[in-house]
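Student: There's a structure below that I have some questions on.
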Amino acid sequence: MIVTKEFLVSVLSHFRIIHHTHGRLRLRVSSKIKDEFKDTDLNISLEKFDDMVNSLNGVKSVKFNKVIGSITIEYDKDEFSKSFWENIIINKDIDDFVSMINDKVKEVL
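The sequence shown maps to residues 312 to 420 in our numbering.
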């Protein structure tokens, strides 16, 4: 299974940055994100997607709060620049992130 750039762009369209300091990113997540995972043949859940991001080198933790619809990502600021995450959310320079995720797919699934 490969996570496509199109799928990732579609998923990321449901995220909006709430707060971002270098090393901690908090995102609002639209409840419609569930539809992205239902409408795909990738056999991947939102929880598995979170696990993939959480397993990336340099990511310290990913916490998903379903009640308020937010995700908090704590990351090593020496591994990732602040602009790296901000660019991903706006779908800029996303190819590297797609590769990183796909490298982790086999490990998580």
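Built from N, CA and C at the ideal position, the CB exists for glycine as well.
Remember, predicted model here, so these are calculated numbers, not experimental data.
Mapping the DSSP letters down to three states, classify Phe348 as helix, strand or coil.
Tutor: The residue you call residue 348 lines up with position 37 of the sequence shown. Note: Phe348 maps to helix in three-state DSSP.
Student: To which residues of the same chain is Asp406 closer than 8 Å at the C-beta, ignoring the five residues directly before and after it?
Tutor: As a first step, residue 406 is located in the sequence shown; it is residue number 95 there, counting from the start. So the qualifying residues of the chain are Lys316.
Student: Going by beta-carbon coordinates alone, are Glu323 and Ile412 separated by less than 8 Å?
Tutor: Position 12 of the sequence shown, counting from 1, holds the residue named residue 323. Position 101 of the sequence shown, counting from 1, holds the residue named residue 412. At residue 323 the sequence reads Leu, which differs from the Glu that was named. Not in contact: Leu323 and Ile412 (Cβ atoms no closer than 8 Å).
Student: DSSP beta-bridge partners for Lys374?
Tutor: Residue 374 sits at position 63 when you count from the first residue of the sequence shown. Per DSSP, Thr383.
Student: Which same chain residues, not among the five before or five after Val340, have their C-beta less than 7 Å away from its C-beta?
Tutor: As a working mapping, residue 340 is identified with position 29 in the sequence shown. Result list for Val340: His325, Phe326, Gly380, Ser381 and Ile382, in chain order.
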